[in-house]
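In UniProt numbering, the protein residues as written are 1 to 124.
Below you'll find the structure, written out as structure tokens, and then a few comments.
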């Protein structure tokens, strides 16, 4: 079993007002994910899993390859990317994991802690 005591995942979301249509329950958000590898070995992105929950409790699961580039994050380095999603509510959450591999091809899950996607005025 691979021990990942020093991997770090950070997530941040932003509401995209210019592409959203609240009167049609169409709320667009971007999110940026940062993976910082503080292990002594490189890690490579293989696949991803997301659980997206909107403000009404509706859940959508996403499995698959995800991002086009399959980054290899060297020890001491970080990788960041930005993507987007559309919700039918002005607030929701995302959480999941990336399936990663070390240089020997041993796979492991890198957890993405739950984070909020919301219009700022909806966050108290």
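We put the CB at the ideal spot given by N, CA and C, even for glycine.
Computed from a predicted structure; not experimentally measured.
Local conformation of residue i per DSSP, three classes
| i | result |
| --- | --- |
| residue 125 | Only positions 1 to 124 of the chain appear in the structure, and residue 125 is not among them; the question remains open. |
Beta carbon of residue i nearer than 8 Å to that of residue j
| i | j | result |
| --- | --- | --- |
| residue 112 | residue 96 | yes |
| residue 9 | residue 33 | yes |
| residue 100 | residue 110 | yes |
| residue 39 | residue 78 | no |
| residue 173 | residue 117 | What is shown of the chain runs 1 to 124, which leaves residue 173 out entirely. |
| residue 49 | residue 86 | no |
Cβ neighbours of residue i in the same chain (closer than 8 Å, five flanking residues each side left out)
| i | result |
| --- | --- |
| residue 59 | 51, 52 and 53 |
| residue 107 | 46, 99, 100 and 101 |
Same chain, Cβ closer than 6 Å to residue i, neighbours up to 5 away in sequence not counted
| i | result |
| --- | --- |
| residue 72 | 42 and 44 |
| residue 114 | 93 and 95 |
Residues near residue i in its chain [Cβ-Cβ closer than 7 Å; skip 5 each side]
| i | result |
| --- | --- |
| residue 65 | 47 |
Distance between beta carbons of residue j and residue i, contact taken as under 8 Å
| i | j | result |
| --- | --- | --- |
| residue 88 | residue 25 | 4 Å |
Whole beta strand (DSSP E) elements within the UniProt domain "ApaG" (1–124), 3-residue minimum
7–15, 27–37, 43–54, 59–64, 78–87, 91–101 and 107–118
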